[in-house]
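Trainee: Below is one structure. I have some questions about it.
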Amino acid sequence: MRRSLFLPSARQTNWLLTVAFLSVGQALYIRYMAIENFNVALACQYDPQAQQTWLCTAFRISILFFNHNVFGWVALAVALLNLWRPSIILTSLALAAAGFGIVLHNADLSALAAGILILSLARPASA
Numbered sequence: 002m003r004r005s006l007f008l009p010s011a012r013q014t015n016w017l018l019t020v021a022f023l024s025v026g027q028a029l030y031i032r033y034m035a036i037e038n039f040n041v042a043l044a045c046q047y048d049p050q051a052q053q054t055w056l057c058t059a060f061r062i063s064i065l066f067f068n069h070n071v072f073g074w075v076a077l078a079v080a081l082l083n084l085w086r087p088s089i090i091l092t093s094l095a096l097a098a099a100g101f102g103i104v105l106h107n108a109d110l111s112a113l114a115a116g117i118l119i120l121s122l123a124r125p126a127s128a
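For the sequence shown, my numbering begins at 2 and goes up steadily by one.
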């Protein structure tokens with residue numbers, strides 16, 4: 002008897018689309034409104050009052066994660082776990098981390114994770 006492939010239902014597909022759009026949208030917002038915006042970047046680095054905002058916190062965390070390739074490594078690790086044992090939760094986490102990684106210049110490992118995520122759709126579903 003053949004086992005069915007890991008195929009998300011319509012509701013799960015809508016969830017994955019929502020996760021993908023929100024993660025890529027948030028990464029684009031952080032990149033273009035904080036990292037590449039000269040005035041905000043300077044304010045986050047040198048103004049003590051501005052350093053307490055959520056945008057400056059996101060700026061510092063994203064720079065720290067970029068320097069250590071955290072987005073790419075997390076996306077790759079979760080995508081490999083998803084390849085081994087497919088589930089909608091692991092797919093969501095890998096998709097979000099890969100979206101952040103691709104937008105925030107960790108594209109090498111994040112693109113590999115996206116490829117492995119596509120390969121996980123060919124794996125049998127867990128019982």
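Where is the CB? At the ideal position from N, CA and C, for every residue including glycine. Since the model is a prediction, treat every value here as computed from it, not as a measurement.
Nearest CA to the CA of Cys-45: which residue from Ile-64, Leu-29, Ala-28 and Gln-27?
Mentor: Comparing Cα-Cα distances from Cys-45 to each of Ile-64, Leu-29, Ala-28 and Gln-27, the minimum goes to Ile-64.
Trainee: For a test of the three-state rule: what should DSSP assign to Leu-77, helix, strand or coil?
Mentor: In this structure, Leu-77 counts as helix in the three-state DSSP scheme.
Trainee: Among the candidates Arg-124, Gly-102, Leu-23 and Gly-26, whose CA atom is the shortest distance from the CA of His-69?
Mentor: Of the listed residues, the one whose Cα sits closest to His-69 is Gly-102.
Trainee: Could you tell me which whole alpha helix (DSSP H) segments of length 4 or greater appear in the stretch 33-81?
Mentor: Segments of the alpha helix (DSSP H) lying fully in the stretch 33-81: 39-47 and 55-68.
Trainee: Just checking my contact of Ala-42 with Leu-56 at CB under 8 Å: how many whole Å lie between their CB atoms?
Mentor: With 8 Å as the limit, Ala-42 and Leu-56 do not qualify as a contact, their Cβ atoms being about 10 Å apart.
Trainee: Suppose the cutoff is 7 Å on Cβ atoms and the five residues either side in sequence are ignored; what does the same chain contact list for Gln-13 look like?
Mentor: Around Gln-13: Ile-89.
Trainee: Checking 8 Å against the spacing of the C-beta atoms, do Gly-100 and Ala-28 come in under that value?
Mentor: Yes.
Trainee: Given Phe-60, which residues of its chain have a CB within under 8 Å of its CB, disregarding the five upstream and five downstream residues?
Mentor: Within the same chain, Phe-60 has close Cβ partners Ile-31, Ala-35, Ile-36, Val-41, Ala-42 and Cys-45.
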